[in-house]
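Residue numbers (the numbering used here): 86 to 261. Think of the CB as a built atom: it goes at the ideal place given N, C-alpha and C, for glycine as much as any other residue. Remarks on the structure that follows.
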Amino acid sequence: MLKMEPLAASPLKYSGPKAKVFAVFLSMVLCTVVLFLLQLKFLKTRINSFYAFEVKDAKGRTVSLEKFKGKVSLVVNVASDCQLTHRNYLALQELHKEFGPSHFNVLAFPCNQFGDAEPRPSKEIESFARKNYRVTFPFFHKIKILGSEAEPAFRFLVGKYPSCLSDVMFSVAFRF
86 MLKMEPLAAS PLKYSGPKAK VFAVFLSMVL CTVVLFLLQL KFLKTRINSF
136 YAFEVKDAKG RTVSLEKFKG KVSLVVNVAS DCQLTHRNYL ALQELHKEFG
186 PSHFNVLAFP CNQFGDAEPR PSKEIESFAR KNYRVTFPFF HKIKILGSEA
236 EPAFRFLVGK YPSCLSDVMF SVAFRF
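Below you can see the structure in the form of structure tokens.
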């Protein structure tokens, strides 16, 4: 039978004070690197402007909201099967027409979360509004405003301006 004997402890060749300082320094560097990597993984960049987002337009193309920066923007949740559709589209177009040349935007975001008042697809919504109300302001892809599937740009607005949310219409006017 083979018998195992413990290895004799041998002193480390580099166990002096300089080696201990180096080991502490190396540990500190390693911990710093690990904390930096964890910070990159778990801390997302904080977006502090609505204009930092990209959204889809009614035709599905990506649009940077940056192009509207520097103007007052009225961000509106619209619906075409609502009791207020006629009045709202006419009023929004009038605002856009009157103040648009003075650095003003109406940005329309259709949503079907409030009373199923927007059942159409995005392209049809835009076509409906342009044909029936002659609107000229930008239309974006139909989105969700509330819940886990909410459009990130609206999640930002709802978080920043919670008092602007109502069951009829969501609108925020701001200038950055």
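Buried or exposed, going by whether 16 or more other CB atoms sit within 10 Å of the CB of L169? Working through the sequence shown from its first residue, we reach residue 169 at position 84. Looking at its Cβ environment, which holds fewer than 16 other Cβ atoms inside 10 Å, L169 is exposed.
Just to confirm my understanding: we take P177, look at its own chain, exclude 5 residues before and 5 after, and list those with CB closer than 8 Å. What are they? On the sequence shown, residue 177 is found 92 positions in, with the first residue counted as 1. Here residue 177 is Leu; the residue named in the question, Pro, does not match the sequence. L159, V161, V163, V191, A193, V220 and F222.
Tell me which same chain residues have a C-beta within less than 6 Å of the C-beta of E211, skipping the five on either side of it? Translated into the one-based positions of the sequence shown, residue 211 becomes position 126. Cβ neighbours of E211 beyond the five flanking positions: A143 and F224.
Exposed unless 16 or more other CB atoms sit within 10 angstroms - verdict on S112: As a working mapping, residue 112 is identified with position 27 in the sequence shown. Exposed is the call here.
Quick check: what's the CA-CA separation for P204 versus F121? As a working note, residue 204 is residue 119 in the sequence shown. As a working note, residue 121 is residue 36 in the sequence shown. Spanning the two alpha carbons is a distance of roughly 47 Å.
Determine the contact status of H188 and K156, defining contact as a CB-CB distance below 8 Å. On the sequence shown, residue 188 is found 103 positions in, with the first residue counted as 1. On the sequence shown, residue 156 is found 71 positions in, with the first residue counted as 1. By the CB criterion at 8 Å, H188 and K156 fall inside the cutoff.
In angstroms with no decimal places, state the Cα-to-Cα distance between F259 and E209. Your numbering for residue 259 matches position 174 in the sequence shown. Your numbering for residue 209 matches position 124 in the sequence shown. Below a pLDDT of 50, predicted positions are generally treated as unreliable, and F259, at 43, falls in that range; the measurement from the model is reported next regardless. Approximately 28 Å between the Cα atoms of the pair.
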